[in-house]
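Residue numbers (my numbering): 54 to 329. Positions of the beta carbon are idealized from the N, C-alpha and C atoms, including for glycine. Here the structure is laid out as structure tokens; the discussion comes afterwards.
Structure below.
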């Protein structure tokens with residue numbers, strides 16, 4: 054939160070600085086001072102430079118109206134960006150919902166329902182730091198779970214493109230040919246084929262295991278969001294803040310685990326942002 058405020062202040066200061074440079078009361082005396090310096094009028098030139106500096110300083114340091122105007126422009130831009138981000142996210146979620154199978158759609162709908170319920174509960178807890186952290190981590194849990202659902206569509210489709218049983222048959226037949234072959238060159242070729250088929254089957258097995266882990270991560274995320282809802286629904290007590298902090302830590306760990314699984318999928322040679 055503090056970083057966002059710092060960024061806003063930096064943007065305000067930078068925009069105000071740029072606006073100062075284009076004020077007639079700044080660049081007019083500045084240009085006049087440069088001209089007077091060329092025609093050898095040092096006293097008048099210095100006076101023009103001082104006037105330009107005073108104008109710049111006044112506008113930059115004391116100009117409340119331009120500050121308010123620039124701040125409003127920045128706030129409007131931030132609001133527009135946030136609205137656009139929400140719109141794109143909603144479109145992306147709608148597309149994903151249509152692509153999911155029945156089980157995936159059930160996971161997705163549960164996640165969205167839990168997200169909405171938790172948002173409503175958290176609105177009534179005030180502005181404590183731990184509440185802000187819980188809001189942030191809950192959002193990350195939901196976003197990572199939706200990413201897992203999207204990857205589940207993509208990589209399940211990828212697995213369906215391979216005939217594992219045929220690969221296993223080919224491997225078995227190649228091994229038999231290798232054992233019965235006497236020609237050294239052919240044996241080397243069979244050995245290379247065996248290695249290639251074995252590697253492919255191992256990769257598919259790893260991919261299948263990783264996709265199964267996606268499913269578990271999505272289920273865990275739903276369970277954790279339910280736990281967060283129950284926790285924030287309880288009456289405040291002496292250890293309530295401590296339990297909220299523990300829940301934040303738990304959500305953070307689960308996000309890291311899910312993120313690693315999603316990153317692991319990138320090693321299988323397909324861009325997770327692609328559609329199935």
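Inter-residue CB distance, residue i and residue j (contact presumed, cutoff 8 Å)
i: residue 161; j: residue 171; result: Actually they do not touch by this definition, with Cβ atoms about 16 Å apart.
i: residue 304; j: residue 277; result: 6 Å
i: residue 314; j: residue 190; result: That belief does not hold up - the Cβ atoms of residue 314 and residue 190 are roughly 17 Å apart, past 8 Å.
i: residue 206; j: residue 152; result: 5 Å
i: residue 301; j: residue 186; result: 5 Å
i: residue 267; j: residue 204; result: 6 Å
i: residue 167; j: residue 282; result: 7 Å
i: residue 173; j: residue 220; result: About 50 Å; that fails the 8 Å criterion.
i: residue 110; j: residue 83; result: Residue 110 to residue 83, Cβ: 13 Å. No contact.
When the options are compared against residue i, the one with the closest alpha-carbon
i: residue 214; options: 185, 260, 251, 252; result: 260
i: residue 154; options: 210, 273, 275; result: 210
i: residue 176; options: 292, 297, 285, 320; result: 285
i: residue 165; options: 181, 250, 195; result: 195
i: residue 227; options: 249, 86, 140; result: 249
i: residue 255; options: 236, 90, 217, 229; result: 217
i: residue 251; options: 237, 222, 238; result: 222
i: residue 274; options: 193, 288, 124; result: 193
DSSP state of residue i mapped onto helix, strand, coil
i: residue 177; result: coil
i: residue 289; result: coil
i: residue 244; result: helix
i: residue 92; result: coil
i: residue 146; result: helix
i: residue 172; result: helix
i: residue 239; result: helix
i: residue 270; result: helix
i: residue 304; result: helix
i: residue 153; result: coil
Where residue i falls, given that 16 or more other Cβ within 10 Å makes a residue buried
i: residue 318; result: buried
i: residue 225; result: exposed
i: residue 243; result: buried
i: residue 232; result: exposed
i: residue 202; result: buried
i: residue 136; result: exposed
i: residue 179; result: exposed
i: residue 245; result: exposed
i: residue 280; result: exposed
Limits of the unbroken alpha helix (DSSP H) element including residue i
i: residue 189; result: 182-213
i: residue 44; result: The first residue shown for the chain is 54 and the last is 329, placing residue 44 beyond what the model contains.
Check: residue i C-beta below 6 Å from any heavy atom of the ligand COA
i: residue 225; result: As presented, the structure is devoid of all ligands, the ligand COA included, so that no description of it is given.
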